[in-house]
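Have a look at the structure below, then the notes.
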Amino acid sequence: MGATTTLYYRQANGRQCPSCSSPQDTVCNSPVACLGVEDKCFSTSVKPGSISSTTVNLQGCTTSNVCNAIDQLRPLATIANFSTENFTCKTAPNTAWSIRLSLVPLLLGLTISKLI
């Protein structure tokens, strides 16, 4: 029997970001689980080609490294003939903590009811 390798970078990490269900979405609020070291939520609009009127909205999980490097990559987008607008990165909320914190009032209530 061989050793089993676990790919930690592909496992859900408890963080979650809004995402777009399709490239044509104007409101992107479908939740997507972040994987591995993805700790940021990004949002941007991409316009492929200089004469295209089509704008594609993109949202989802990314890493801090991508957020930090995006300013250096913008000149490459011009060379590749597409533009990005309003690129933002925010810290992805940890959904595991929000679930645990929501249990605190329940557990506190059960403890108090047993004492009464």
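One gets this note's numbering by counting positions in the sequence shown from 1 and adding 1 to each.
Cβ coordinates follow ideal geometry from the N, Cα and C atoms, glycine included.
Distance, residue j Cα to residue i Cα
i: C21; j: T56; result: 13 Å
i: I100; j: Q73; result: With a pLDDT of only 48 at I100, under 50, the local geometry of the prediction cannot be trusted, and the value read off the model is given with reservation. Straight-line Cα distance between these residues: approximately 37 Å.
i: R16; j: A93; result: 6 Å
i: N14; j: K48; result: 31 Å
i: C68; j: G50; result: 23 Å
i: A70; j: V28; result: 26 Å
i: F1; j: N95; result: Here the chain has residues from 2 to 117 only, and residue 1 is not among them.
i: S54; j: A34; result: 31 Å
Rounded distance between the beta-carbons of residue j and residue i, thought under 8 Å
i: C42; j: C62; result: 6 Å
i: D40; j: T64; result: 7 Å
Proximity of residue i and residue j at Cβ, strictly below 9 Å
i: F86; j: S23; result: Reading off the sequence shown, one finds Glu at residue 86, where the question assumed Phe. No.
i: N30; j: S44; result: no
i: L36; j: Q12; result: yes
Residue(s) in a DSSP beta bridge with residue i
i: V47; result: V57, T85
i: P19; result: P32
i: N95; result: R16
i: C62; result: C42
Spatially closest choice to residue i from the options, by CA coordinates
i: P32; options: T96, P19, F88; result: P19
i: N66; options: S54, V38, N95; result: V38
beta-carbon residue i near the ligand HEM non-hydrogen atom, thresh 8 Å
i: E39; result: Inclusion of the ligand HEM in the displayed structure is not the case, the ligand content being empty and no account of it being possible.
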